[in-house]
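Chemist:
Written out as structure tokens, the structure is:
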């Protein structure tokens, strides 16, 4: 079945450590996204990518980095520069511009806790 | 910048009853999409319904329908014959329609509980 796989589901990190969250999709979608979800805050866009080897900052990119070396993969690194990294992270994908009518397909999320 | 406001942080409804979730938005654009997404307790978010701003007819999907008031910038979701499986967070979202448009702006969500 086609879908989006995020791993790990739960992750604990010590302060000062970088951590990478994995996101893989087999939907053949061109566009991929990372959102951060905090209680009472809704979803906020961290980064998005429209095509391989290209990505743009979203509303809250500071302290995060991404790469898009393959169409299927869009990993997110939470760096030590992120001041409040404890959150729920959602990865999503969609069809490319011109075919994109706004439907995002989401993974099940990764919960990061900084100890 | 577009903003999306959901004024009801939490709501509850009896099973089989009807409930309406509110959403307002602010934009200077004329062409856009509006969405309702559902996030059940299992956390995988899915699209419930989509409305294109140029269409006057309100979108419907089975028990889910919207009341789209473009002039008032209002986009409410009505769930009829509520079921226990409707218990979830519901997010209203906006997307500008145009070249290179990829970003959705989400509201803060409404937590809906369906009571047996």
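Residue numbers (our numbering), protein chains in the order written: chain V, 40 to 154; chain H, 777 to 892.
Heads up, the beta-carbon is just placed ideally off N, CA and C, and yes, glycines get one too.
Quantities reported herein were computed from a predicted structural model and do not represent experimental measurements.
Determine, for residue 140/V, whether the minimum Cβ-Cβ distance to residues of chain H falls below 8 Å.
Modeler: Chain H contact via Cβ: present.
Chemist: At 3 residues or longer, and completely inside the segment 44-76 of chain V: list those beta strand (DSSP E) runs for me, N to C.
Modeler: DSSP runs (the beta strand (DSSP E)) wholly in the segment 44-76 of chain V: 49-52 and 58-64.
Chemist: Could you check if residue 78/V is buried or exposed, using at least 16 other CB atoms within 10 Å of its CB as the buried criterion?
Modeler: Counting Cβ neighbours within 10 Å, residue 78/V comes out exposed, since fewer than 16 surround it.
Chemist: How far does the beta strand (DSSP E) with residue 843/H in it extend, from its first residue to its last?
Modeler: Per DSSP, residue 843/H belongs to the beta strand (DSSP E) from 840-845.
Chemist: What three-state label does DSSP hand residue 862/H in the structure shown?
Modeler: Looking at residue 862/H - three-state DSSP - the assignment turns out to be helix.
Chemist: Comparing the C-beta of residue 64/V with each C-beta of chain H, is any distance below 8 Å?
Modeler: It does not: the Cβ of residue 64/V has no partner Cβ on chain H nearer than 8 Å.
Chemist: Can a CB atom of chain H be found closer than 8 Å to the CB of residue 84/V?
Modeler: Chain H contact via Cβ: present.
Chemist: Find the residues of chain V that neighbour residue 840/H, judging by a C-beta separation of less than 9 Å, and give them in chain order.
Modeler: Correct list: empty, because the minimum Cβ distance to chain V is about 15 Å.
Chemist: When the distance is taken between beta carbons, is residue 824/H closer than 8 Å to residue 837/H?
Modeler: Yes; because the gap between Cβ atoms is below 8 Å, this pair is in contact.
Chemist: Tell me where the beta strand (DSSP E) around residue 828/H begins and ends.
Modeler: Segment 822-828, the beta strand (DSSP E) holding residue 828/H.
Chemist: Within 10 angstroms of the Cβ of residue 131/V, are there 16 or more other Cβ atoms? Answer buried if so, exposed if not.
Modeler: With 16 or more other Cβ atoms within 10 Å, it is buried.
Chemist: Is residue 789/H helix, strand or coil by DSSP?
Modeler: The answer is strand: DSSP assigns residue 789/H an E or B state.
Chemist: Just checking: is the beta-carbon of residue 884/H within a distance shorter than 8 Å of some beta-carbon in chain V?
Modeler: Yes - at least one Cβ of chain V is within 8 Å of the one on residue 884/H.
Chemist: With DSSP collapsed to three states, give me the class of residue 85/V.
Modeler: Reduced to three states, the DSSP call for residue 85/V is strand.
Chemist: Is any beta-carbon of chain V found at less than 8 Å from that of residue 853/H?
Modeler: Not one chain V Cβ lies under 8 Å of residue 853/H.
Chemist: Comparing alpha-carbon positions, which option in 44/V, 151/V and 67/V lies nearest residue 116/V?
Modeler: With distances taken between Cα atoms, residue 116/V lies closest to 151/V.
Chemist: Name the two residues that bound the continuous beta strand (DSSP E) containing residue 131/V.
Modeler: Note, residue 131/V: beta strand (DSSP E), 126-133.
Chemist: Using a Cβ-Cβ cutoff of less than 6 Å, which residues in the same chain neighbour residue 89/V once the five nearest sequence positions on both sides are dropped?
Modeler: The residues are 70.
Chemist: So for residue 108/V, helix, strand or coil by DSSP?
Modeler: Coil at residue 108/V, not helix or strand.
Chemist: Would you check if the segment 93-110 of chain V and the segment 779-798 of chain H touch, i.e. whether three or more CB-CB distances between them fall below 8 Å?
Modeler: Output reads no: the segment 93-110 of chain V does not touch the segment 779-798 of chain H.
Chemist: Who does residue 868/H pair with in a DSSP beta bridge?
Modeler: Answer is 812/H, bridged to residue 868/H.
Chemist: Could you tell me the boundaries of the beta strand (DSSP E) in which residue 854/H lies?
Modeler: Its beta strand (DSSP E) spans residues 850-855.
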